[in-house]
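I have placed the structure first, in the form of structure tokens, so that the comments after it can refer back to it.
Numbering (the working numbering), first residue to last: 6 to 78.
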């Protein structure tokens with residue numbers, strides 16, 4: 006999975022994380038509307054998936070059967 010800090014402020018992060026954590030709102034210095042962000046993220050993930058695993062055509066190419074990484078024991 007992925008995680009994305011969208012509208013958090015510095016004070017929303019713990020003292021331990023605050024020096025190295027950031028959100029889109031902090032980077033852009035404005036609030037971010039989550040719905041269009043989610044739509045854009047999913048569209049880009051889908052396009053990347055299609056290029057990597059389907060040769061960009063929507064049909065499976067020579068993708069290995071067990072291409073997903075395994076969970077650590």
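Using N, Cα and C, we set each Cβ at its ideal position, and we do this for glycine too.
For residue i, the first and last residue of its enclosing alpha helix (DSSP H)
i	result
residue 18	Segment: none, residue 18 is in no alpha helix (DSSP H) and carries neither H nor E.
residue 32	29-33
residue 37	That residue, residue 37, is in no alpha helix (DSSP H); it is neither H nor E in DSSP.
Whole-angstrom distance between residue j and residue i, CA atom to CA atom
i	j	result
residue 58	residue 44	21 Å
residue 34	residue 54	31 Å
residue 24	residue 6	24 Å
residue 74	residue 22	Its pLDDT being 49, under 50, residue 74 is placed unreliably in this model, and the value from its coordinates should be taken loosely. Going from the Cα of residue 74 to the Cα of residue 22 covers about 28 Å.
residue 27	residue 40	20 Å
residue 17	residue 60	42 Å
residue 19	residue 13	11 Å
CB contact flag (residue i, residue j, <9 Å)
i	j	result
residue 37	residue 50	no
residue 42	residue 11	yes
residue 52	residue 31	no
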